[in-house]
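A short write-up of the structure that comes next.
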DNA sequence: TTCAATTCCTACCTATTTAGTGGGAAATGA
DNA sequence: TCATTTCCCACTAAATAGGTAGGAATTGAA
């Protein structure tokens, strides 16, 4: 019932990009240092986020990464799905794979309904929270200090 | 963001015991066949559930397992915690381990608040659903057929 | 008393995933 | 031209997942 470091680091990096949104590309090195994660490991995660269209990159000197869209248009759920795959507590809920939603026995379908309820409660939080929400939380924390 | 087969099989087995609650001990073999899971693998899971006090066992002929308490008193969260450990999306939320709840930087604490929200939505579903709820769902399905 | 059924316990195993590291090619602004 | 930076590929050590195998101990019933 955990997100791996892939999801955790990825969200941290995207949060970093959201806080610094509009300031041009941010170097991976800077993000890695600020968020205290391995640079070359994060590089792989950023590659996936780039391929998924969540960030844009710029190579060469003064290059780096920036959000492809406004923080308000990026949900945490999107980030997690790119880095961790579908948000599903058990496979039989996963309609994106071929494992399908059919369990067979009615007993097991009772459980399926339960897992679905858990899934819904998770996606509700993940999909309804955007980077903008987190950015604003961070601003409020700054002010409160 | 998944439960492993440990949690999934464990919940299935406990659900099976709930449906057959009050009929004396059920043999592991029976549960394994009904729930279509590996018997020797399930055996290990039942050992952990027994050590955690969630089931009682009876050895020898006509032996087996039964719930230690009424289905209404067993939440799915309890089962999951025994078999999967603490329900926490990220380590910094886990007060049961020594990793503690302190992150350091305010940026990361913004994320901590978010993960906490996710955790709360998960535990709400897991701890508020009991085996009795599932048993009744199963009965309703039977009747509807 | 014997025996089949059943839990209990320990050890082992294979494949996959996790969490990285390292090296070098390609692009780019100064 | 050159330092900077992304891009790409290969590799790896450790942990976790998902089991299997074998035998000892217990127990109800014939």
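Protein chains in written order, with our numbering: chain A, 1 to 145; chain B, 1001 to 1145. Beta carbons: idealized from backbone N, C-alpha and C, even for Gly.
Could you check what DSSP says for residue i in three-state terms: helix, strand or coil?
i	result
residue 1026(B)	strand
residue 1070(B)	coil
residue 130(A)	strand
residue 82(A)	helix
residue 121(A)	helix
residue 1037(B)	coil
residue 90(A)	coil
residue 19(A)	helix
residue 1110(B)	helix
residue 11(A)	helix
residue 1053(B)	coil
residue 64(A)	strand
residue 98(A)	At residue 98(A) the pLDDT is 46, less than 50, meaning the model places this residue with poor confidence and gives no usable figure here.
With burial defined as no fewer than 16 other Cβ atoms inside 10 Å of the residue's Cβ, what is the status of residue i: buried or exposed?
i	result
residue 53(A)	exposed
residue 143(A)	exposed
residue 1137(B)	buried
residue 1009(B)	buried
residue 1139(B)	exposed
residue 119(A)	buried
residue 1044(B)	exposed
residue 1081(B)	buried
residue 59(A)	exposed
residue 1063(B)	exposed
residue 35(A)	buried
residue 47(A)	exposed
residue 1061(B)	exposed
residue 1024(B)	exposed
residue 1065(B)	buried
residue 1007(B)	buried
With distances taken Cα to Cα, identify the nearest neighbour of residue i among the options.
i	options	result
residue 125(A)	78(A), 56(A) and 32(A)	78(A)
residue 91(A)	76(A), 109(A), 83(A) and 74(A)	109(A)
residue 5(A)	30(A), 55(A), 83(A) and 58(A)	83(A)
residue 1132(B)	1040(B), 1121(B), 1055(B) and 1017(B)	1017(B)
residue 1001(B)	1128(B), 1087(B) and 1127(B)	1087(B)
residue 1038(B)	1085(B), 1122(B), 1013(B) and 1022(B)	1013(B)
residue 1113(B)	1128(B), 1040(B) and 1089(B)	1089(B)
residue 1128(B)	117(A), 128(A) and 57(A)	117(A)
State the CB to CB distance for the pair residue i and residue j, rounded to an integer number of angstroms; the pair is presumed to be in contact (CB under 8 Å).
i	j	result
residue 1075(B)	residue 1030(B)	No, residue 1075(B) and residue 1030(B) are not in contact; Cβ-Cβ is about 24 Å, not under 8 Å.
residue 1115(B)	residue 1141(B)	About 35 Å; that fails the 8 Å criterion.
residue 55(A)	residue 68(A)	6 Å
residue 1049(B)	residue 111(A)	With a Cβ gap of about 17 Å, residue 1049(B) and residue 111(A) do not count as contacting.
residue 1027(B)	residue 1042(B)	Between residue 1042(B) and residue 1027(B) the Cβ distance is about 11 Å, and since that is not below 8 Å, they are no contact.
residue 1121(B)	residue 122(A)	6 Å
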